[in-house]
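Read through the structure below, which is laid out as structure tokens, and then see the notes.
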Amino acid sequence: MIGLLNPRARVLMLVLLAALIAAPLVADRYLMSVLILIFYFAYVGQAWNLMMGFAGQLSLGHALYVGLGGYVSALLWLKFGIGPWLGAFAAVAVAAAFGAVIGWLGFRFGIEGVYFALLTIAFAEFTRIAFDHIDYAGAAGGLFLRVEEGEWWNLRGGTLLFYYLALALAVGALVLTAFLARTRLGYQWLAVREDEEAARALGINAFRAKMTAVLISSAMTAVGGVFTAFYNNNLFPSRVFDINRSIEIILAPVVGGLGTVFGPVVGAFILTPLGEALTALTGLFGINTPGVKGAFYGLALMVIIVLKPSGIWPWLARALRLTERRP
Amino acid sequence: MNPTIYLEVVVQGVLTGLVYGLMALGLSVIFGVVRVVNFAHGEFTVAAMYAAFLLFTLFGVDPLIAMLPIALVFFCVGYGLQLTLVNRFVGRAEHEQFILLVGLAIILVNGSLLTFGADARPVRLSYGFDSFLVGPVIVDKVRLYAAAAALTVAAALFLFFRFTSTGTAIRACADNLVGAAVVGLNVRKLYALTFGLGLACVGAAGALMETIADAKPELGPVYTLIAFIIVIVGGLGSMTGALVGGVLIGISEALAGFVLTPSMKSMFSFALLILVLVLRPQGIMGRRT
Amino acid sequence: MTKTITRRRLMAGATATTALLAAPPLIRAQPQALKIAVLLPRSGYLAQAGQSCHRGAQIAGKVLSDHGYRVELVHIDIESSPDVSRTQAEKVINEGAHCIVGAFDSACTLAIAQVCEQRQVPLSINIAAAPPITEQGYKFLVRNFPTGGMLVSNGLRLIKDVLDATKLAAKTAVFLHANDTFGAAQRTAMDALFPRAGLPFQLAESIAYDPRAQDLSVEVTKIRALNPDLVLTVTRAADAIKLVRDMVRQRFEPKGIISPGSPGLYDEEFFQALGPLADYPIYNIPWANPKASMSQALEAAFKPAHPNFRFAVECFNVGFTFEALLVAADGFKRAGTTNGAALMQAIRATNIAAHVMIGPPIKFDDKGQNVGIPSAAVQSRNRTPTVVLPAEVATTTPVLPMPGWQRRS
């Protein structure tokens, strides 16, 4: 179990944050676009981490909430002119409703582990195919937002706007997780994750604890969907609900360190640059053959999980002496 | 509409479902015994499809025959993979197994792209376009042969598990791991054997699949999902369950596609999966543990 | 005596450097060539088409320089991912690309379009289906590729011409399409345009199939049950193989298989899988003009560079990719500068008479769309796509009804 950050580490973190806030002054746009991806994956990874790392429920269909969040907010904007700040509330509500259904089905009927994971996959795939046929939302042809700049409150803006928005989301998720981990709910989650029966014996309402995790997780992820919709300005069911997107979401938190506060952030800061670095490296060696980079990426994942199955952050924290020992 | 058309759709569903069932059988064996979530299952199937393509293109071997050496090679690969890599992940959290196998799947997909290119790789069998007329119903020769082969392999596996001592030992591991160890069974070796057998099934199924579909690098995830749906619906740990599940999914998708819009047919399989998970998680033929 | 940095040396060095930096612009001259980054999905699920386009991009440099254009090409794989498309577009502009060509897939193209818009770098689209691309208000892109609506309206008109030319009496048709971005756009266009197209046959049904399905036997059975004279198809590459294969097995022989505009029926894998059974479908799509000199030059360059591939089969992807590069190169020639805004203005004013694909000179409307791209009726004969209509560019006449499956050698 990772302890709290010691004062030295806290300073380091603040320095890093300051650097990220100031980055647009010196960074080029390529770096900024990569950082936006990192922040996004840190954010949704953190949202997923709440459900899996803290409450122990493996969801392999989290793209469902991204998609729902994106479509609801985009449709409200396109058809009714309702801006994304308000639209986000609706997006959150819809995603949480789906999450509630999935959670209720899972927990009420005792569906666990791989079975629960398959349940989440089934819901995501079902919704994907459904959206392929909903003409109101553009069906398989896609939903498109007009590209404009100048209305930052409607998320109609350039890279700078989305950079700070993504950073704010990632930091917000981090703060929220750190806060929740320290609350009674957080400890309930821990107990349920470690041994649900024992937790119940202690009087913890496991059902309520798990449901809360699912609701918070799905709600947070939906906001990520709103971001995606307004950043990319287009939505296609076969892309946004795709199982590969769900897999992308879980890579950062697992590689970084499941159930830890900093795991998803560290994971995102490792994996996204890893992908870019592999592309650059293969280019450097003159290898322009498609598939080489992908093969190395898969290999990297396998190596990381074999060598550091509990994630890189716990090991990093110990190696760099960034945490204080718990009493 | 002519009622025999419905019969034909059902027959197509059954035949295709049997081959999917064989693929799912491999997953059921692996998951049911070793309890490892093989999310690279579809990618292994596609690798077997490419192997069959290669043997056909280079040596003219019909995939129905190539199925045997491919199954053997895959057995060895599975055995080795389990002993070296997968064994560490047995009993570990699902998400760790998942990442390991997702990494492996990514390597397989990109490796296929590098080796075979992006085009679909079909085999041109001499009887590839023939069909039988059974009464009023048209039945593809290729699908019939593939389904028959799938049944044969499944039957052989069933006999192995039922009537050999090794088979019984493996079933013991699945039923009661602690008990099996207590009785003195070499669990590690049996796990390797099981993983090997599971992948051998996949190898055979892939070879047969190459006669029906054409190998392409990105088919993996589709097959992985189908395999999992069939295994859950049919019942984990039950061999007949995998085949029954395959046939059921085959028929339901075929009928759904025929009666309603074909583009929605997978929705039924996923809805069925949700229903089974909620109402009868042990599947149609599984036993409640 | 050791060399030390004396004040004298320092002053001398500083003076020289200052002199160099203050040198007249002659020394830092205008770039002699246009650096174009070609972003294509060469891995991932669009790899097959992306690699085909890439083969065109690889030979484009030489053909363009033969025609007096100076370009420097950089090839990037966007892995069929919009995230990668965006970051690679930013990176490649950082590294000095003056113009981007791409990207085959609509989602990826839109990601690149946003980067290009913000950085004022022209984007010349080779292939991208989604109609809204030129409706979202981008000023820094041009699309030399028909929209779904254009393909269908041209395609339907050509079907009429084909039926007239072959004197085929067709009473019913069924429309089968993949339910993906491209197929859905075609379906929308079909629903709107077919009733007004004045075709002599009825559209009995429109069937959407799942592009991820590995099996089209049920769809074929459905079509067979309706027993249409014509089957109109919009498919991806591998699906067309399954479609025809199952038609043969199920002994269903429509009088004609016609595509109002899609890939599939002429991909090399289609010919490889089906042999003589691959002949006689007709596809109404823009095509390389066999009588145009630039198209012949492109073919001449293609043969030695890609001996294992056939230009006759790939000329759609190759042709459009080349034309996108031609548009960029031609704009550069007229603009005389790599400055983004000026270059874009020149590109928007494009008017190229001598190009590769059949049709009038390449021109763009104020949204950046080339609305004048016609389709041709192309029929597979002897496993080779052959232009059969319009007569001015045809090399032979169309043949319908298709000879029966069993009677093919």
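Just so you know, the protein sequences line up as chains A, B and C, in that order. Residue numbers for the first sequence follow our numbering, beginning at 13 and rising by one. Residue numbers for the second sequence follow our numbering, beginning at -13 and rising by one. Residue numbers for the third sequence follow our numbering, beginning at -4 and rising by one. For every residue, glycine included, the Cβ atom is placed at its ideal position computed from N, Cα and C. The structure presented is a predicted model; accordingly, all values stated were derived computationally and were not measured.
{"Asked": "Per-residue contacts from A180/C into chain A (C-beta, under 7 Å)", "Found": "G153"}
{"Asked": "Chain C contact residues for G170/A, given Cβ-Cβ distances below 7 Å", "Found": "Q113"}
{"Asked": "Own chain partners of K166/C with C-beta closer than 6 Å, once the 5 adjacent residues on each side are dropped", "Found": "F196 and D224"}
{"Asked": "Residue range of the unbroken beta strand (DSSP E) whose run includes Q197/C", "Found": "Q197 to Y204"}
{"Asked": "Assigned exposure category for P(-11)/B - 16 Cβ within 10 Å defines buried", "Found": "exposed"}
{"Asked": "Contacting positions in the segment 249 to 261 of chain A - beta carbon closer than 7 Å to chain C", "Found": "S250 and R251"}
{"Asked": "Contact with chain C by P302/A, beta-carbon distance below 8 Å", "Found": "yes"}
{"Asked": "Other residues of its chain near G298/A: CB distance less than 8 Å, five sequence neighbours each side excluded", "Found": "none"}
{"Asked": "First through last residue of the beta strand (DSSP E) which encompasses A173/C", "Found": "T167 to A173"}
{"Asked": "Straight-line gap, V125/B to W400/C (C-alpha atoms, nearest Å)", "Found": "17 Å"}
{"Asked": "Burial state of G287/A, where buried means 16 or more other Cβ atoms lie within 10 Å", "Found": "buried"}
{"Asked": "Residues bridged to C94/C (per DSSP)", "Found": "I31/C"}
{"Asked": "CB contact flag (D210/C, T2/B, <8 Å)", "Found": "yes"}
{"Asked": "G46/B classed as buried or exposed, judged by whether at least 16 other C-beta atoms fall within 10 angstroms", "Found": "exposed"}
{"Asked": "Neighbour-count burial assignment, T82/C, 16 or more Cβ in a 10 Å radius", "Found": "buried"}
{"Asked": "Cβ neighbour criterion (16 or more within 10 Å) applied to G269/B", "Found": "buried"}
{"Asked": "Bridge partners - Q374/C, DSSP secondary structure assignment", "Found": "I277/C and T381/C"}
{"Asked": "Proximal residues, the segment 89 to 115 of chain B versus chain C, C-beta separation under 8 Å", "Found": "N96, L99, G103, A104, D105, A106, R107, P108, R110, G114 and F115"}
{"Asked": "Exposure label - V168/B; buried when at least 16 CB within 10 Å", "Found": "exposed"}
{"Asked": "Option nearest L118/C by Cα separation, candidates T129/C, C103/C, A124/C and G97/C", "Found": "G97/C"}
{"Asked": "Of the residues F42/B, G153/B and I85/B, the one placed nearest A312/A, counting alpha carbons only", "Found": "I85/B"}
{"Asked": "Member of M242/C, D156/C, F135/C and L41/C whose CA lies at the smallest distance from the CA of A341/C", "Found": "F135/C"}
{"Asked": "CB contact below 8 Å: L70/A versus chain B", "Found": "yes"}
{"Asked": "Counted within 10 angstroms of its Cβ, other Cβ atoms place K251/B as buried (16 or more) or exposed", "Found": "buried"}
{"Asked": "Cutoff 8 Å: Q245/C Cβ touching any chain B Cβ", "Found": "yes"}
{"Asked": "Rounded Cβ spacing between A349/C and M289/C (contact assumed at less than 8 Å)", "Found": "6 Å"}
{"Asked": "Near-chain B residues of the segment 199 to 215 of chain C - C-beta to any C-beta below 9 Å", "Found": "I202, A203, Y204, D205, P206, R207, A208, Q209, D210, L211, S212, V213 and E214"}
{"Asked": "CA-to-CA distance, F177/C to V213/C, given in whole angstroms", "Found": "22 Å"}
{"Asked": "Chain C contacts made by the segment 232 to 246 of chain B, where a contact means CB separation under 7 Å", "Found": "A240, G243 and F244"}
{"Asked": "Contacts that S255/B makes with chain C (C-beta to C-beta distance below 7 Å)", "Found": "Going along chain C, no residue has its Cβ under 7 Å from S255/B, so there is no contact; the nearest lies around 11 Å."}
{"Asked": "Secondary structure of E67/C, DSSP reduced to three states", "Found": "strand"}
{"Asked": "Three or more C-beta pairs below 8 Å linking the segment 268 to 285 of chain C and the segment 377 to 394 of chain C", "Found": "yes"}
{"Asked": "C-beta contact flag for V351/C and N139/C at 8 Å", "Found": "no"}
{"Asked": "V208/B - containing alpha helix (DSSP H), residue span", "Found": "G206 to G220"}
{"Asked": "Straight-line gap, W325/A to G269/A (C-alpha atoms, nearest Å)", "Found": "6 Å"}
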